[in-house]
Amino acid sequence: MTGVLDLRLIRDDPDLVKRAVEAKGIDLDVDALLALDAEVRRLKGSSEAAQAEKKRLSKEFGRADEETRARLREEIARIDAGLQKDKDDLAAKQAELDELMLLTPGIPWEGAPVGADESDNVVIKKVGEPPVFDFEPLDHITLLEQRGWAEFARARNVAGERAYALVGDAVLLERALLSYALDVLVTRDFTPISVPSLVREMALVGTGMFPKGREETYELPADNLFLAGTAEVALVGLHAGEILDKARLPIKYAGISPCFRREIGSASRDVRGLVRVHQFEKVEQFILCEADDAESERWHATLLDCAESLLQALGLAYEVVECATGDMGIGKFRMNDINTWFPSLHTFRETHSCSTLHDWQARRADLRYRDSDGTVKHVHTLNNTAIATPRLVAALVENHQNADGTVTVPEPLRPYLGGRAVL
RNA sequence: GGAGGCGUCGCCUAGUCCGGUUUAUGGCGCCCGCCUGCUAAGCGGGUUGAGGGUUAAACCUCUCGCGGGUUCAAAUCCCGCCGCCUCCGCCA
Numbered sequence: 190m191t192g193v194l195d196l197r198l199i200r201d202d203p204d205l206v207k208r209a210v211e212a213k214g215i216d217l218d219v220d221a222l223l224a225l226d227a228e229v230r231r232l233k234g235s236s237e238a239a240q241a242e243k244k245r246l247s248k249e250f251g252r253a254d255e256e257t258r259a260r261l262r263e264e265i266a267r268i269d270a271g272l273q274k275d276k277d278d279l280a281a282k283q284a285e286l287d288e289l290m291l292l293t294p295g296i297p298w299e300g301a302p303v304g305a306d307e308s309d310n311v312v313i314k315k316v317g318e319p320p321v322f323d324f325e326p327l328d329h330i331t332l333l334e335q336r337g338w339a340e341f342a343r344a345r346n347v348a349g350e351r352a353y354a355l356v357g358d359a360v361l362l363e364r365a366l367l368s369y370a371l372d373v374l375v376t377r378d379f380t381p382i383s384v385p386s387l388v389r390e391m392a393l394v395g396t397g398m399f400p401k402g403r404e405e406t407y408e409l410p411a412d413n414l415f416l417a418g419t420a421e422v423a424l425v426g427l428h429a430g431e432i433l434d435k436a437r438l439p440i441k442y443a444g445i446s447p448c449f450r451r452e453i454g455s456a457s458r459d460v461r462g463l464v465r466v467h468q469f470e471k472v473e474q475f476i477l478c479e480a481d482d483a484e485s486e487r488w489h490a491t492l493l494d495c496a497e498s499l500l501q502a503l504g505l506a507y508e509v510v511e512c513a514t515g516d517m518g519i520g521k522f523r524m525n526d527i528n529t530w531f532p533s534l535h536t537f538r539e540t541h542s543c544s545t546l547h548d549w550q551a552r553r554a555d556l557r558y559r560d561s562d563g564t565v566k567h568v569h570t571l572n573n574t575a576i577a578t579p580r581l582v583a584a585l586v587e588n589h590q591n592a593d594g595t596v597t598v599p600e601p602l603r604p605y606l607g608g609r610a611v612l
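Take any residue in the first sequence, count from 1 to its spot, add 189: that is its number in this note's numbering.
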């Protein structure tokens, strides 16, 4: 792994980094980091000089006679005494520095609202009208149970809180949603890819999920693996350490994977139903592109548009939110959530999250490409949900329910459900 | 789970047994130049990455899957891990 934020950026413009730390509410002492960096460089200087001298003498040793060798051995031992101490100091300081570097934030774009949390998010767009019912609409839990489309109590007996089992048409509907989303992305030239959910720690550090999100992640200590909360983890890891040909960019993936989240921070919220669960399915949009702000901005707009198009085609009302600095997470440059209307909640709930990571994630995971001029650069990475189920199954049945308990199938999903217009 | 083999600078490859003129060989590709009616061929040079350093260079360190160890000295010897291949066992 190389630098996380470019160390040189921190040296050259510490105030910029401090502002980002402040805006994102991160607990990081930039001055302490810089002091550590200066110390590391000092120790590097002295230990490398000693190392160079040692190498030189060692070469001489090979050609020397016995007498000279004895002298060289002494001389080298003398160098070693000092060198070893410098090296130990260096290793310790470097480790400290690395740890701090993992906490350095990505610099948010200037358009992001500055604020501590999601209460400072700004709604920038509303699309579609929440449905008006001439009957008393049901929440998705009641609706699904009445129709025999879900088992909640029994599933919880098997698997604990937040567990669910979809049954019958709900399963078909879920699969229709996922298939439809994947197909739409394929027509938009995304490469469909199914990726591992079981991942190594390095992959989670590379995406930026770790160290902060550690307690949100399921761990399998017997195998030294973790359950990823999104396909993004594997998609970032896929090209880690590579130097890609510029001609290969942009890489556009439509990743599918089961996703796992412990939901530790959300104790008693949404404990019932399909809105917040430990295990779900997701089609994820993911982009690797050149390190060019205009280029990644275009892709950000594209990812947003893909998600919006899906929601529009599904006949769901939604709002797009410009996320505040304190809500977007440590690494992000820009984040737009899409919140979809849930009639039972009388409000919009997050169903999509579109993020530009700039080069922050690429630096962590070491995702690089060779530019036309031969220089090696870190790519920009972006991601957005396409469809996450069963949360969207819940939105769908709530929004499209009829008085008789049936659910109208949005036009584009019908081909995936044997042409049925109503479930 | 068991046995064996392998991992070298974009790709292929020499070097590993027997540690030291290895600043890692050669080819392909790529870049620059020369030459040539054009093209091809030919000739000369360059071409891993990271960090430090410098106005810029020079220069220095690290990098032969990753991490340790032995040694004055490690691609080369030892240990652990990861990955790939072959075979056996098991298995959706």
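Every residue gets a Cβ at the ideal spot worked out from N, C-alpha and C, and that includes glycine.
DSSP, reduced to helix, strand and coil, places P601 within a helical segment of the structure shown.
Within its own chain, the residues whose Cβ lies closer than 8 Å to the Cβ of L246, once the five positions on either side in sequence are excluded, are L261, E264, I265, I268, listed in chain order.
Around the beta carbon of L409, a 10 Å sphere encloses fewer than 16 other beta carbons of the protein chains shown; the residue is thus reported as exposed. In this structure, the CA atom of T536 is about 31 Å from the CA atom of T570.
In the same chain as T545, and ignoring 5 residues on each side of it, the C-beta atoms closer than 6 Å to its own belong to S485, H489, F522, R523, L571, in chain order. Separation of G430 and L286 (C-alpha to C-alpha, rounded to the nearest whole angstrom) is 21 Å.
When the Cα atoms are used, H547 and T419 turn out to be separated by approximately 19 Å. The beta carbon of S498 is closer than 8 Å to those of V373 in its chain, skipping five residues each way along the sequence. Residue burial annotation: G251 is exposed, with fewer than 16 other C-beta atoms found within 10 angstroms of its C-beta. Taking C-beta atoms as the reference points, G397 and G520 count as a pair closer than 8 Å. Contact between the segment 566–585 and the segment 468–488 is present: 3 or more CB-CB pairs across the two stretches fall below 8 Å. Scanning the segment 328–359 from its first residue to its last, no whole beta strand (DSSP E) run of 3-plus residues comes out. Contact between V388 and V422 is confirmed by a C-beta separation of about 5 Å, below the 8 Å threshold.
Here Y558 is not near S368, since their CB atoms are 8 Å or more apart.
Under the three-state reduction of DSSP, N310 is assigned to coil, being neither helix nor strand.
In the DSSP assignment, A436 falls outside any beta strand (DSSP E) and carries neither an H nor an E. Of the residues Q240, I296, R200, the one whose Cα lies closest to the Cα of G515 is I296. Rounded to the nearest whole angstrom, the CA to CA distance from G304 to D202 is 22 Å.
By the Cβ neighbour-count rule, K282 is buried, with 16 or more other Cβ atoms within 10 Å of its own. Taking the Cα positions, L585 is about 15 Å away from A592. In the DSSP annotation of this structure, the continuous segment of the beta strand (DSSP E) that includes V510 starts and ends at 507–511. The beta strand (DSSP E) runs lying completely inside the segment 416–504 and spanning 3 residues or more are 432–434, 440–449, 468–478, given in chain order. Taking 8 Å as the cut-off, the beta carbon of P319 is found closer than this to the beta carbon of P532. The shortest C-alpha to C-alpha distance from L217 to any of A339, D481, I199, A436 is the one to I199. Here Q590 is bridged, per DSSP, to V596.
Contact check for H567 and L556: beta-carbon distance about 6 Å, within the 8 Å limit, so the pair qualifies. Counted as a single uninterrupted DSSP element, the stretch harbouring F324 is not any alpha helix (DSSP H), since DSSP gives it neither H nor E. In the three-state scheme derived from DSSP, where H, G and I count as helix and E and B as strand, R258 is classed as helix. R364 sits in a helix when the DSSP states are folded into three classes. Pairing C478 with P439 gives a Cβ-Cβ distance under 8 Å.
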